[in-house]
Amino acid sequence: MQTIRFLMVGLGNLGRRLCEVVDEKDTLLRKKFGLALHLVGAADSRGVAYDPNGLNPAHVAALKKKGGTIADYTGVGRRDWDAKTLVAEAEADVLLEASPVNLDQGAEPALTCIRIALERGMHVVTPNKGPLVLAYRELHALAEANGVALRFDGTVSGGLPAINIGQRDMRGAVIRRLEAVPNLSTGYVMDLVTDGLAWEEALEKGRQSGALEGDGSWDLEGWDAAAKLVILANATLDFPAQMADVALTGVVGIDSEELRAARMRGERYRLLAQAARNDDGTYDLTVAPTPMTEDHPLGRLGRKQMGIVFYTDIYGTITAIIDEPNPIPSASTMLRDLLDIYA
Ligand SMILES: NC(=O)c1ccc[n+]([C@@H]2O[C@H](COP(=O)([O-])OP(=O)(O)OC[C@H]3O[C@@H](n4cnc5c(N)ncnc54)[C@H](OP(=O)(O)O)[C@@H]3O)[C@@H](O)[C@H]2O)c1
Numbered sequence: 140m141q142t143i144r145f146l147m148v149g150l151g152n153l154g155r156r157l158c159e160v161v162d163e164k165d166t167l168l169r170k171k172f173g174l175a176l177h178l179v180g181a182a183d184s185r186g187v188a189y190d191p192n193g194l195n196p197a198h199v200a201a202l203k204k205k206g207g208t209i210a211d212y213t214g215v216g217r218r219d220w221d222a223k224t225l226v227a228e229a230e231a232d233v234l235l236e237a238s239p240v241n242l243d244q245g246a247e248p249a250l251t252c253i254r255i256a257l258e259r260g261m262h263v264v265t266p267n268k269g270p271l272v273l274a275y276r277e278l279h280a281l282a283e284a285n286g287v288a289l290r291f292d293g294t295v296s297g298g299l300p301a302i303n304i305g306q307r308d309m310r311g312a313v314i315r316r317l318e319a320v321p322n323l324s325t326g327y328v329m330d331l332v333t334d335g336l337a338w339e340e341a342l343e344k345g346r347q348s349g350a351l352e353g354d355g356s357w358d359l360e361g362w363d364a365a366a367k368l369v370i371l372a373n374a375t376l377d378f379p380a381q382m383a384d385v386a387l388t389g390v391v392g393i394d395s396e397e398l399r400a401a402r403m404r405g406e407r408y409r410l411l412a413q414a415a416r417n418d419d420g421t422y423d424l425t426v427a428p429t430p431m432t433e434d435h436p437l438g439r440l441g442r443k444q445m446g447i448v449f450y451t452d453i454y455g456t457i458t459a460i461i462d463e464p465n466p467i468p469s470a471s472t473m474l475r476d477l478l479d480i481y482a
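Note that the working numbering gives residue 198 to position 59 of the sequence shown, counting from 1, and the numbers run on in steps of one.
So, in structure tokens, the structure goes:
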């Protein structure tokens, strides 16, 4: 049995659910893979808990579900440490980083936590786009220099293994074109407006249902999709893109009459992220609301579905779609990444 000591930074929708999944899968992981996952440290915005003998992941999940802080974990919770201190001081094999994207704050504290973990020889798994968008090459170089893995399958399209498929199954191919509907929120809001809601009503409903983060501008202005396209470009197209390379049009301001007219034509608007290869091997990257016909695989996506299409020279055209009714698939990408490292 191999024991893997892991740290969890961020205990929200994803972090606390990953704790539930680890608890639920404990027996299977031991039996099938010979792996015992030990949560030894965890951090939220108010403090940390660290116990080299292991925290109880089910208890951590329950504490967070009730709205508490990990700093209140009996005996080992503390408010005088933050996430960075935990990663710098704790003895662990892997960091799972699931704090907010925070691109406007330099992707902190995630970026620093990931740098520290890699420098200390820990593997890193993260569904957080922020650090990858700002420092894709730097973090990969740091991981390589320290002989550890950096995995981030959850950064694009929730639980859809878009990065994994692109990195593993497209080897040897030229990807001529890539199309993705990489989030749920923008399609959801546009569908509500198409149904007849005013924009403000649709936004309010999106916020109340949790489909939109914060005031929703990150998603609706297209930044979320652009960030995911940048990561896809770096990871699967070997194209060192940055946010400034994406020609970006969000869904804000799109004409509601046009949305309804599209439905009458049998089309459905989705915020489409695309990469189109040029003859010199570079790619044109765009994010824009796009009317999709029913005969396009991404034109049939339901409200809880995201998808990606790879158009390749030798492997044909490959489409992957996920139905994601709750955040468990997104959270579970961290387990998938862990298994890729260890199993
Ligand atoms: N939700 C999804 O479906 C989804 C899908 C794919 C990827 N992601 C990405 O995964 C990450 C986590 O998403 P989420 O939905 O779980 O977010 P969330 O529900 O907002 O949770 C964020 C967690 O991070 C903690 N946190 C905030 N600031 C912190 C700090 N300075 N130090 C330590 N912890 C801090 C929060 O603490 P408190 O508990 O104290 O507030 C909370 O536990 C994000 O980067 C997101 O983009 C999310």
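Beta carbons are placed, not taken as given, at the ideal position from N, Cα and C, and that holds for glycine.
Query raised in the report: When we look at the beta-carbon of Asp452 and count the other beta-carbons within 10 Å, is it buried (16 or more) or exposed?
Result: When all chains shown are included, Asp452 counts as exposed.
What does the Cβ neighbour count give for Ser324, buried or exposed, with the cut at 16 atoms within 10 Å?
Buried.
Inset, instruction - Pull up the distance between the alpha-carbon of Asn267 and that of Thr294, whole angstroms please. - result: Spanning the two alpha carbons is a distance of roughly 6 Å.
Is any heavy atom of ligand 1 found at a distance shorter than 7 Å from the C-beta of Pro266? Flag set: Cβ of Pro266 near ligand 1.
Check: Excluding sequence positions up to five away, which residues of its chain have a Cβ less than 8 Å from the Cβ of Lys204?
Finding: In the same chain as Lys204, and ignoring 5 residues on each side of it, the C-beta atoms closer than 8 Å to its own belong to Arg155, in chain order.
With a threshold of 7 Å, establish whether the CB of Asn152 neighbours any heavy atom of ligand 1. At least one heavy atom of ligand 1 is nearer than 7 Å to the Cβ of Asn152, so yes.
>> Quick check on the burial criterion: 16 or more other C-beta atoms within 10 angstroms. Buried or exposed for Ala365?
In response: Counting the other CB atoms within 10 Å of its CB gives Ala365 a total of 16 or more, which places it among the buried residues.
Next on the checklist: Does Val313 come out as helix, strand or coil in the three-state DSSP assignment?
Outcome noted: Three-state result, Val313: coil.
Roughly how many angstroms lie between the CA atoms of Ala350 and Ser296, to the nearest whole one?
Roughly 14 Å between the two C-alpha positions.
- [ ] Could you name each continuous alpha helix (DSSP H) segment of 4 residues or more that falls completely within the stretch 304-371, going from the start of the chain to the end?
- [x] Taken in chain order, the whole alpha helix (DSSP H) runs of length 4 or more contained in the stretch 304-371 are 324-334, 338-348, 356-359.
inquiry  = Rounded to the nearest angstrom, what separates Leu317 and Gln381 at their Cα positions?
reply    = Going by the C-alpha atoms only, they are around 17 Å apart.
Q. Hey, quick one: how far does the alpha helix (DSSP H) through Ile255 stretch, first residue to last?
A. Unbroken alpha helix (DSSP H) run through Ile255: 249-258.
Environment of Met147 [buried if 16+ CB atoms lie within 10 Å]: Met147 counts as buried, since no fewer than 16 other beta carbons sit within 10 angstroms of its beta carbon.
Per-residue burial, Ala374 [other beta carbons within 10 Å of its own, 16 or more giving buried] = Buried, because 16 or more other Cβ atoms sit within 10 Å of the Cβ of Ala374.
>> Closer than 8 Å is the cut-off here; do at least three beta carbon pairs connect the stretch 269-285 with the stretch 395-411?
In response: Contact between the stretch 269-285 and the stretch 395-411 is absent, with fewer than three C-beta pairs closer than 8 Å.
Note to self: Between Pro239 and ligand 1, is there a pair consisting of the residue's CB and a ligand heavy atom that are separated by less than 7 Å?
What the structure shows: At least one heavy atom of ligand 1 is nearer than 7 Å to the Cβ of Pro239, so yes.
Is Leu150 helix, strand or coil by DSSP?
Per DSSP, reduced to three states, the secondary structure at Leu150 is coil, with no helix or strand assignment.
Q.
In the DSSP assignment, the beta strand (DSSP E) including Ala229 goes from what residue to what residue?
A. No residue range can be given for Ala229, since it is assigned to no beta strand (DSSP E) and is classified by DSSP as neither H nor E.
- Item | Whole-number beta carbon distance between Gly298 and Ile461, since they are thought to touch under 8 Å | The beta-carbon separation of Ile461 and Gly298, rounded to 5 Å, stays under the 8 Å limit for a contact.
Bridge partners of Tyr450, per DSSP? Answer by DSSP bridge pairing, in chain order: Arg316, Thr456.
ask   = In whole angstroms, what separates the C-alpha of Tyr422 from that of Asp219?
value = Between Tyr422 and Asp219, the C-alpha separation is close to 47 Å.
Report task. List the DSSP bridge partners of Pro430. Result -> Paired residues: Tyr408.
Would you list the one or two residues that DSSP bridges to Phe145? Paired residue(s): Leu178, Val233.
**Asked** Straight-line CA distance for Met329 to Ile447?
**Response** Those two C-alpha atoms are separated by around 19 Å.
Near Gly345, which residues of its chain fall below 8 Å by C-beta distance, leaving aside the five closest residues on each side in sequence? Ser324, Tyr327, Val328, Leu331, Leu351, Gly355.
Contact test: Val448 Cβ vs ligand 1 heavy atom, cutoff 7 Å = Not under cutoff, so the answer is no.
Margin query: For Leu157 and Asp419, I'd like the C-alpha separation in whole angstroms.
Written below: C-alpha separation (whole angstroms): 42 Å.
- Query: For Val287 versus Leu257, is the C-beta spacing smaller than 8 Å?
  - Reply: Less than 8 Å separates the beta-carbon of Val287 from that of Leu257.
- Query: Excluding five sequence neighbours on each side, which residues of the same chain lie with their C-beta closer than 7 Å to the C-beta of Arg402?
  - Reply: Exclusion of the five residues before and after Arg402 leaves Thr333 as the residues of its chain whose Cβ lies within less than 7 Å of its Cβ.
Item to complete: Output the distance between the C-alpha atoms of Leu167 and Lys367, rounded to the nearest integer angstrom.
Response: Our two residues, Leu167 and Lys367, have alpha carbons roughly 32 Å apart in a direct line.
| said: Only counting the same chain, and skipping five residues up and downstream in sequence, which positions put a Cβ closer than 7 Å to that of Ile255? | reply: Contacts found: Lys223, Val226, Ala227.
inquiry  = I need the boundaries of the beta strand (DSSP E) containing Val385, first residue and last residue.
reply    = 385-387 is the extent of the beta strand (DSSP E) around Val385.
Near Leu398, which residues of its chain fall below 7 Å by C-beta distance, leaving aside the five closest residues on each side in sequence? Within the same chain, Leu398 has close Cβ partners Met329, Val332, Thr333, Tyr408.
Open item on the list: Any heavy atom of ligand 1 inside 7 Å of the beta-carbon of Lys205?
Closed with: The answer is no for Lys205.
Item checked: Heavy atom of ligand 1 within 7 Å of Gly293 beta-carbon -> Within the cutoff, so yes.
Val148: CB within 7 Å of a non-hydrogen atom of ligand 1: Correct: Val148 has its Cβ closer than 7 Å to ligand 1.
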